[in-house]
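If you're matching positions, the sequence shown starts at 1 in full-length UniProt numbering and goes up one per residue.
Cβ atoms here follow ideal geometry from the backbone N, Cα and C, with glycine treated the same way.
Worksheet: the structure to be examined is printed underneath.
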Amino acid sequence: MTDLSHTPVPATDETTELPHRPGVTGGSYSLVAWPPPKLDGWVRRRQDELGVSSFGVPHINLRAPFQTNLPKAELIERFRDVLDGASSFEVRVKGFKRYKGVIFLECEASARMLYLHLMALSVGPSTRSPYDGESYAPHLTLALGVLPWAEDDLWEQIEAQAPPLERFRVSALSLTQEEKGEFLELHTFPLADPPEQEAPTPSAGPTEAQPVSDPEAGAAAP
């Protein structure tokens, strides 16, 4: 896992947290990133071909399903506060993995994703999923609730398949709520694009030659 020892962690009020409640229950909220259309369509076609499904449409959790007593408007405002100024980030898709009846596309847990995950966890009081915190592993679920007798055969069909892209950029996160087995999108939080560096404007006339510094010498300086 990426070392976050030098990453500032947002404070949480642990005394106000609601109990842990594993699994997805009615009315649960999530903070998610959506894959680009090319990857979204590819995952859906594989699901149709294999006769499998996941919970809702393809997505990556930045915070697993949780419950809270906060009104929706206040919950949105608190997420807006912690995500204010957050920049877009890149997701690298590593390949398929399986774990206890679930087959999924594993994504690299970059330092940026882990930091945004910790920021999302600071919103509360709320329940906490056992798959958050130290156990957080970003992924796109292909098949959920696979029966033991079918898992090996399904794995043989999907293991060697390569997704249509290896990386993509996430420019927004969405707060969602579970409703009858589907996602209801409550609010979208745009992420800022990293500032572009402007190329130097060439001079219109001749200039005096300037001494060129040695980059290695500069790097060696304290």
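Own chain partners of A217 with C-beta closer than 7 Å, once the 5 adjacent residues on each side are dropped: Model confidence at A217 stands at a pLDDT of 44, short of 50, so the residue's coordinates are unreliable; what they give is reported in the following sentence. Answer for A217: no residue qualifies.
To the nearest angstrom, report how far apart T68 and T127 are at their CA atoms. 7 Å
What whole-angstrom Cβ distance do P164 and K72 have, given they're in contact under 8 Å? That belief does not hold up - the Cβ atoms of P164 and K72 are roughly 36 Å apart, past 8 Å.
Do the CB positions of T176 and S54 come within less than 8 Å of each other? Contact flag unset, no.
Between which two residues does the alpha helix (DSSP H) carrying H117 extend? Taken as a continuous stretch (DSSP letters only), the alpha helix (DSSP H) holding H117 covers 111–121.
From the DSSP output, which residues share a beta bridge with Q157? Answer by DSSP bridge pairing: none, since Q157 is not bridged.
DSSP three-state call for G124: helix, strand or coil? coil
Within its chain, find whatever has a CB closer than 8 Å to the CB of T25; leave out the 5 residues flanking it on each side and keep chain order. Residue placement at T25 is poorly supported in this model, since its pLDDT is 47, which falls under 50; the coordinates still yield a value, given next. These residues qualify, in order along the chain: P65, Q67, E178.
Using DSSP with H/G/I as helix, E/B as strand and the rest coil, what is L39? helix
Using three-state DSSP, classify S174 as helix, strand or coil. strand
For the alpha helix (DSSP H) holding A33, just list the boundary residues, first then last. Counting along the chain, A33 falls outside any alpha helix (DSSP H), though it belongs to the beta strand (DSSP E) covering 29–33.
Mind the definition here: the stretch 43–62 touches the stretch 184–193 only if three or more C-beta pairs lie below 8 Å; say whether that holds. no
Where A199 sits in the DSSP three-state scheme: Any reading at A199 must be qualified, since the residue scores a pLDDT of 49, below 50, and its modelled position is unreliable; the value itself is stated next. Correct three-state label for A199: coil.
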